Amino acid sequence: MTALRALILLVVGLAFFETVPASAQLRPDRKPDRTDPDRVRQQPVVPSREKPSTEQPVLVQANDVTYDRTTDVVTASGNVEMSQNDRILQADRVVYDRKRDIMTAIGHVRIVEPTGEVIYADQMQVTGDLKEGAARDIRARLANDARLAGNSGQFTEGKITEIKKAVYSPCDPCKDDPMRAPLWQVKAARIVHDKEKKDIYFYDATLEFFGVPVAWTPYFSHPDPSVKRRSGILTPSFEHSGQLGYGMTLPYYGVIDDTADITLSPRFLTRRGLVMSGDIRKRFDEGDIQFKGSITRDWFHDREGAEVRGHVFGTSQFNLDENWRAGMQLQRATDKTYLRYYDIDSSSFLTSKAWVETFNRRSYGSIFAYGFQEMRSNVSQRQAPYVLPIASYNFVGEQMPFGGHFIADTNMRYLFRDEGADSTRLMARIGYDFTHVTRDGHVFNVLATVRGDIYDVHDAVDPENTANQFTGVKARIFPQISADWRYPLMRRAGERSYFTIEPIVGFVAAPPMGRQWKIPNEDAVDQVFDETNLFSPNRTTGDDRLEGGQRINYGFKVGLNDAGGGSSWVFVGQSFRFQRDTSFPSGSGLRSGLSDLIGALSISPGRYWDVFGRIRVDKDNPTRVRQVDALVSAGPREFRGFLGYIKVQDNLQPTASLGNRSEGRIGVIVRPHENWIVTAWGSRDLQAGATREIQGKVEYEDECFLIGLRVTRRYFTDKEIKPDTRIGFQIRLKPTTDTTF
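Numbering (mature numbering (1 follows the signal peptide of the UniProt record, and there is no 0)) for the sequence shown: -24 to -1, 1 to 717.
And the structure:
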């Protein structure tokens, strides 16, 4: 036996013996009662006192049936099938002694229970109502395809099945050698399945792995496959990291009622003490609610005295009626690094919100309220905004007889913060959207809108000159018209493929808007310029910034498609602005004249490789690449690798400089066998020349067993969070135990 296999045997044995789940707790001191299957003994089959119901007679099908008047015995032979109350008996031959009300089934005997369990034997005795029986060399298959087998067994009142000198395993038999021991199995002096209590009991049980005994227990039980929820202690998980030390989490799952449950998970850490976590869920007829959170008193933290730290997350959503819906989301933490330090969450900020929505055939309305908590160490929480509320309504009119339809949008937002600009916004827009397709295939679209905004602003600051500040009311009227022309063409390229060529030209006209710095930019901070918004009337990402002036947009798209599902296309486009617009960041390539040249490429000829990329090139210097986003994946399912690259030039944000950013990612997924998977990936900051994170994972999983090893190395630093290595080991005996290290 190799050292690796010996180690696995030891870990599995400890996992099985030490970590019995909620439905498999050790109870050696348990006192049996008369109704407990612990008292069931192997007995001869006797007739049931309860006679078969005359309303539910035993139905018999067979090739041949004979009756011996002398002995009062009925014999059915040839594909015999007998059924009563959804219980079915099948055999080659059945001999029924009417005086004793005993049937002897011979040859390929099979009883199918209403629960889905199937009992097999070569010969079996059963009562006339099929509720009680006994057999030697008995076998059973449970509803989840787990298997039981033993020297002898019996079932009573259709409720309890007992098998002696039994073996249990959910593993499929080996296809090449069915007699070979399964990957893991439990051998017991006695196994009892109580269908009424929905439990499976093991007595004097030994766990075998690779055919080798690794653990023994005098008694344990677990729910049968029909049980979905059961209160009790769940299997623990184990961990180790440089920051937290060694740790163990021991969850308790509690069923409150049919619609609610709770999980309490104390987490013991050698370097940080106790972290108490909890999760409570409740379902209603028209919605649900869930809260989860954690709390710890960090005596070991590098601050004076003990500090209480924790978090709470909550979600809820309810359907008020067929047109109205309401919900909420709560996300709060005691400090910026708690969630990442304890490996709970890695978000840059937390969002709490509540909302009400209404849906109709051609309209949508909503009222939202937002609160944000900053998790970034370089941003003050006093600058985080509160939005109380933001209300919007959108309407699309019916199709007009001459084509097109009216549109209308309204929006109201009140935003404030402890430190920084506050604003109230009222916005309304009306317009008409018209699309026409000619007989020759030309596609024309015209959109004409008029928008009006009123802002009440406090403490707005010019990002380019902080000495300029503004408090007051600011209003603007913004009429705009845009028109697009597209001419998609197709030409066959062989019997199974065809080319598509689509030139696109658009024109947008509106009054110039200038820098707009007196209106705080709250929702249009991130600047995006690519093929997805080249032809958009407003290429900003929100409503606080409007793109004025006149411009022409043009692009060209070429594609290749085949009947097998492969497709590839390439797009190139650009914009020409007639007036300078300084509201865009200096690095956006949209301020004046010709814009930067944008391109996009997608190649997906089949299942073996895919390429997708976006690029933005400086209009004055084609060798200067401002922005790149590319991903390449190649290989069959058994060995597939991927390579990603992102580059973003500085000066894309109008209010802050984040510096030039460049990152590369590389990874591989290997499946050497249908049950094995190996993954590895890493990310590197190419601008700084520093590796950010590396992770590798090896996992095996089949119908009854899972084992995995994961190694993660993080190199970044953020206050108390230091570079750290975490090793995780997971092992699971499905479906009875689940242990994670």
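Just so it is clear, CB atoms sit at the ideal spot from N, CA and C, and this is done for glycine as well.
In this text the structure is predicted, and so the values were computed from the model without any measurement.
Query: Beta carbon of R668, beta carbon of D661: below 7 Å?; Result: yes
Query: Below 7 Å between beta carbons: does that hold for K140 and G126?; Result: yes
Query: Starting from R316 and walking both ways along the beta strand (DSSP E), at which residues does that stretch end?; Result: Taken as a continuous stretch (DSSP letters only), R316 belongs to no beta strand (DSSP E), being part of the alpha helix (DSSP H) at 314 to 317.
Query: Between the Cα of L245 and the Cα atoms of P479, D234, R69, Q219, which residue gives the shortest distance?; Result: Q219
Query: Taking DSSP as the reference, what is the three-state secondary structure of Q357?; Result: helix
Query: Report yes or no: do three or more beta-carbon pairs, one from the segment 183 to 191 and one from the segment 205 to 225, lie closer than 8 Å?; Result: no
Query: Which runs of the beta strand (DSSP E), 3 residues or longer, sit entirely within the segment 389 to 466?; Result: 398 to 413, 419 to 438, 441 to 462
Query: Exposed or buried, what is E138 when buried is set at 16 or more other beta-carbons lying within 10 Å of its beta-carbon?; Result: buried
Query: So, is P699 buried or exposed, given that buried needs 16 or more other C-beta atoms within 10 angstroms?; Result: exposed
Query: Do the segment 88 to 99 and the segment 108 to 119 meet, that is, are 3 or more Cβ pairs less than 8 Å apart?; Result: yes
Query: Go through its chain and collect everything with a Cβ distance to S568's Cβ below 8 Å, but skip five positions before and after it.; Result: R553, Q555, R556, D557
Query: Buried or exposed: G540, going by 16 or more other Cβ atoms within 10 Å of its Cβ?; Result: exposed
Query: Using 8 Å as the Cβ pair cut-off and three pairs as the minimum, do the segment 516 to 529 and the segment 595 to 604 touch?; Result: no
Query: Have a look at F547, R472, R521 and flag the residue whose alpha-carbon is nearest the alpha-carbon of V501.; Result: R521
Query: Nearest to Q550 by alpha carbon, out of S544, P561, G565?; Result: G565
Query: DSSP state of P479, grouped into three classes?; Result: strand
Query: Taking 7 Å as the cut-off, decide whether the C-beta atoms of P496 and A360 are in contact.; Result: no
Query: Quick one: Cα of D499 to Cα of L391, how far?; Result: 11 Å
Query: Classify T599 as helix, strand or coil using the three-state DSSP reduction.; Result: coil
Query: In this structure, does DSSP put W493 in helix, strand or coil?; Result: coil
Query: Counting along the chain, where does the beta strand (DSSP E) carrying P365 start and finish?; Result: 362 to 372
Query: Looking at C-alpha atoms only, which residue of N295, L402, N514, Y431 is the closest neighbour of T334?; Result: N295
Query: Return helix, strand or coil for R285, following the three-state DSSP convention.; Result: strand
Query: For E471, does the count of other Cβ atoms within 10 angstroms reach 16, so buried, or fall short, so exposed?; Result: exposed
Query: Keeping to the same chain, check which residues put their C-beta closer than 6 Å to that of Q99; ignore five residues upstream and five downstream.; Result: I82
Query: Roughly how far, in whole angstroms, is the beta-carbon of P146 from the beta-carbon of D175, given that I think they are within contact range, below 8 Å?; Result: Going by Cβ atoms, the distance from P146 to D175 rounds to 16 Å, so no, they are not a contact pair.
Query: With H, G and I counted as helix, E and B as strand and the rest as coil, what does DSSP make of A122?; Result: coil
Query: Who are the Cβ neighbours of E614 in its own chain at under 6 Å, not counting the five residues just before and after it?; Result: R647
Query: Just list the beta strand (DSSP E) runs in the segment 198 to 256, keeping only unbroken ones of 3 residues or longer that don't cross its boundaries, in chain order.; Result: 213 to 217, 221 to 225, 228 to 233, 236 to 245
Query: Would you check whether the ligand COA has a heavy atom nearer than 6 Å to the C-beta of C680?; Result: Annotation note on the ligand COA: not contained in the displayed structure, which lists no ligands.
Query: Apart from the five residues on each side of it in sequence, which residues of its chain come closer than 6 Å, Cβ to Cβ, to T655?; Result: I645, K673
Query: If P513 and S458 are in contact, beta carbons under 8 Å, what's the gap, nearest whole angstrom?; Result: 4 Å
Query: Taking the beta carbon of R17 as the centre, do at least 16 other beta carbons fall within 10 Å, making it buried, or is it exposed?; Result: Bear in mind that the predicted position of R17 carries a pLDDT of just 38, short of 50, making it too unreliable to give a figure here.
Query: With a Cβ-Cβ cutoff of 7 Å, do G380 and D409 count as a contact?; Result: yes
Query: How is the beta strand (DSSP E) around G611 delimited, first residue to last?; Result: Counting along the chain, G611 falls outside any beta strand (DSSP E), and DSSP gives it neither H nor E.
Query: With respect to the beta strand (DSSP E) encompassing T137, which residues constitute its N-terminal and C-terminal limits?; Result: 136 to 145
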